[in-house]
Amino acid sequence: MKIGSDEHKALFCRSFMETHRPYDPAEWPWPELDEISLARLRAVPIWTLALEVELGAGEMLGKFAKTAGDRLVRAALELQGYEEGRHGRILQCMIERYGLKVAPQVPKQIPTRGAFMDFGYNECVDSLAGFGIFRLARDARILPETLTSLFSRVLVEEARHIVFFVNWVAWDRTQRGLRGPLMHIIPVLAGYAGAIVRRIKGGAELQSRPSGAPARDLFGDLLEDLTLSKFLRACVEENERYMASFDSRLLRPRFMPALAKFALAIAETIERARAAFPRSASRPVG
Ligand SMILES: [Fe+2]
Ligand SMILES: [Fe+2]
Numbered sequence: 394m395k396i397g398s399d400e401h402k403a404l405f406c407r408s409f410m411e412t413h414r415p416y417d418p419a420e421w422p423w424p425e426l427d428e429i430s431l432a433r434l435r436a437v438p439i440w441t442l443a444l445e446v447e448l449g450a451g452e453m454l455g456k457f458a459k460t461a462g463d464r465l466v467r468a469a470l471e472l473q474g475y476e477e478g479r480h481g482r483i484l485q486c487m488i489e490r491y492g493l494k495v496a497p498q499v500p501k502q503i504p505t506r507g508a509f510m511d512f513g514y515n516e517c518v519d520s521l522a523g524f525g526i527f528r529l530a531r532d533a534r535i536l537p538e539t540l541t542s543l544f545s546r547v548l549v550e551e552a553r554h555i556v557f558f559v560n561w562v563a564w565d566r567t568q569r570g571l572r573g574p575l576m577h578i579i580p581v582l583a584g585y586a587g588a589i590v591r592r593i594k595g596g597a598e599l600q601s602r603p604s605g606a607p608a609r610d611l612f613g614d615l616l617e618d619l620t621l622s623k624f625l626r627a628c629v630e631e632n633e634r635y636m637a638s639f640d641s642r643l644l645r646p647r648f649m650p651a652l653a654k655f656a657l658a659i660a661e662t663i664e665r666a667r668a669a670f671p672r673s674a675s676r677p678v679g
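394 is the number of the first residue of the sequence shown in this note's numbering; add one for each residue after it.
The following block contains the structure:
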């Protein structure tokens with residue numbers, strides 16, 4: 394199958410639409426939470442930002458879909474817009490159910506190809522980190538399994554979104570006559586670089602917002618033995634697990650997993666060196 398062909402378009406659109414699962418988060422069995430779980434949930438600083446991203450994306454994608462000339466691509470983009478809006482509704486249900494404090498200001502985004510591309514590259518960065526964070530949080534039982542299990546379908550949907558996105562990017566470039574590896578690699582690298590910069594800025598902004606109880610009091614189990622290599626390994630392994638479920642003919646996001654593997658190799662080398670040469674206590678001179 395040739396990337397950018399009609400066959401490719403049919404495959405990435407249809408496989409995306411055929412794996413859509415209908416559900417309504419208002420009907421989910423939201424569990425009762427004990428005090429510590431509630432405190433942990435309330436201390437997570439990202440709910441406002443997450444709600445802004447999901448609701449903003451739902452609206453932007455819904456409008457951008459209408460500009461797509463191809464009927465099948467339009468239907469797939471509309472479906473992604475619906476799923477992003479539904480992610481927003483999941484968060485709204487959780488916020489209401491557990492009394493989380495949020496003050497979202499949903500940004501008005503102009504529904505252009507550029508806005509969709511920025512959003513897609515953001516999702517590739519966020520999903521890789523999200524896969525790892527979710528696995529570590531679940532393993533450490535930070536929140537009850539009855540709650541975290543509800544969110545596992547969101548991660549499956551994000552995996553579907555990023556696979557759809559990278560295939561759409563390749564198809565869209567071919568449609569616009571931008572062929573050849575250089576015409577592909579340079580904008581892709583620029584897309585990822587932009588997304589990483591936006592996320593670093595977002596992280597700095599989050600840190601400047603006031604937070605409640607010290608994280609160490611609430612998340613001690615998770616933070617105690619958390620290392621950079623453990624986090625990166627979880628990201629890489631989980632990404633491979635999610636990506637294995639897609640048709641082998643489809644493209645997958647490659648840049649962020651490769652970057653994470655590279656960073657993991659460096660982190661492991663540093664950790665091995667530290668283990669081999671532990672800092673010895675200063676010896677008495679004699
Ligand atoms: Fe989403
Ligand atoms: Fe998404």
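Beta carbons: idealized from backbone N, C-alpha and C, even for Gly.
Is it the case that the Cβ atoms of His363 and Met410 are separated by a distance below 8 Å? The question about residue 363 has no answer here: the residues shown for the chain are numbered 394 through 679.
Less than 7 Å between the CB of His577 and some heavy atom of ligand 1, yes or no? For the purposes of this step, residue 577 is taken as the residue at position 184 of the sequence shown. No, the Cβ of His577 stays beyond 7 Å of every heavy atom of ligand 1.
Does the distance from the C-beta atom of Gly449 to that of Gln502 stay below 8 Å? If you number the sequence shown from 1, residue 449 lands on position 56. If you number the sequence shown from 1, residue 502 lands on position 109. Yes, Cβ-Cβ distance for Gly449 and Gln502 is below 8 Å.
Report all residues from its chain with a CB closer than 7 Å to the CB of Val499; omit the five preceding and five following residues, and keep chain order. Taking the sequence shown and counting its residues from 1, one reaches residue 499 at position 106. Glu445, Leu448 and Gly449.
Rounded Cβ spacing between Ala469 and Cys517 (contact assumed at less than 8 Å): Translated into positions along the sequence shown, residue 469 becomes position 76. Translated into positions along the sequence shown, residue 517 becomes position 124. Their Cβ separation, rounded to whole angstroms, is 17 Å, which puts Ala469 and Cys517 out of contact at 8 Å.
I want to check one thing, is the minimum distance from the CB of His413 to the heavy atoms of ligand 2 below 7 Å? The residue given as residue 413 occupies position 20 in the sequence shown. Every heavy atom of ligand 2 is 7 Å or more from the Cβ of His413, so no.
Below 8 Å, how does it come out for the stretch 638-657 and the stretch 526-543: are there three or more Cβ pairs, yes or no? no
If contacts are defined as beta-carbon pairs under 8 Å, then Leu657 and Val629 qualify, I think. What distance do you get, rounded to the angstrom? Mapped onto the sequence shown, residue 657 falls at position 264. Mapped onto the sequence shown, residue 629 falls at position 236. So it is a contact: roughly 6 Å between Cβ atoms.
I want to see whether chain C comes within less than 8 Å of Val590, judged by CB atoms only; does it? Absent from the structure is chain C; it holds one protein chain and no more.
Sorry if obvious, but does the Cβ on Glu516 come closer than 7 Å to a heavy atom of ligand 2? Here residue 516 corresponds to residue number 123 of the sequence shown, with the count starting at 1. Glu516: yes, Cβ under 7 Å from ligand 2.
Along the alpha helix (DSSP H) that carries Tyr635, what are the first and last residues, could you check? Stepping through the sequence shown from its first residue, residue 635 is reached at position 242. Leu621 to Met636 is the span of the alpha helix (DSSP H), which, as asked, contains Tyr635.
Does the beta-carbon of Leu571 have 16 or more other beta-carbons within 10 angstroms, so that it is buried, or is it exposed? Taking the first residue of the sequence shown as 1, we reach residue 571 at position 178. It counts as exposed.
What distance in whole Å lies between the Cβ atoms of Gly523 and Leu493, which are believed to be in contact at a cut-off of 8 Å? Within the sequence shown, numbered from 1, the residue matching residue 493 stands at position 100. Within the sequence shown, numbered from 1, the residue matching residue 523 stands at position 130. Leu493 to Gly523, Cβ: 18 Å. No contact.
Just the C-alpha distance for Ala461 and Thr412, rounded to the nearest angstrom, thanks. What you label residue 461 is simply residue 68 of the sequence shown in a count that begins at 1. What you label residue 412 is simply residue 19 of the sequence shown in a count that begins at 1. Straight-line Cα distance between these residues: approximately 21 Å.
Helix, strand or coil: which one does DSSP assign to Lys395? As a position in the sequence shown, residue 395 is number 2, starting the count at 1. Coil, per DSSP.
Short of 8 Å in beta carbon distance, which residues of its chain neighbour Gly679, apart from the five on each side in sequence? Order them along the chain. Your numbering for residue 679 matches position 286 in the sequence shown. Note that Gly679 has pLDDT 48, beneath the 50 cutoff, so the model's placement of it is unreliable and no number is given.
Could you check how far apart the C-beta atoms of Tyr514 and Tyr585 are, in whole angstroms? I think they sit under 8 Å. Sequence index remark: in the sequence shown, residue 514 carries index 121 (1-based). Sequence index remark: in the sequence shown, residue 585 carries index 192 (1-based). Confirmed, about 6 Å.
For Tyr491 versus Leu431, is the C-beta distance shorter than 8 Å? Start at 1 with the first residue of the sequence shown, and residue 491 comes out as number 98. Start at 1 with the first residue of the sequence shown, and residue 431 comes out as number 38. Result yes, Cβ atoms of Tyr491 and Leu431 sit closer than 8 Å.
By Cβ distance below 7 Å, which residues in the same chain neighbour Arg482 in space, the five residues on each side in sequence not counted? To locate residue 482, count along the sequence shown from 1; it is residue 89. Cβ contact annotation for Arg482 (same chain, cutoff 7 Å, sequence separation greater than five): Pro418, in chain order.
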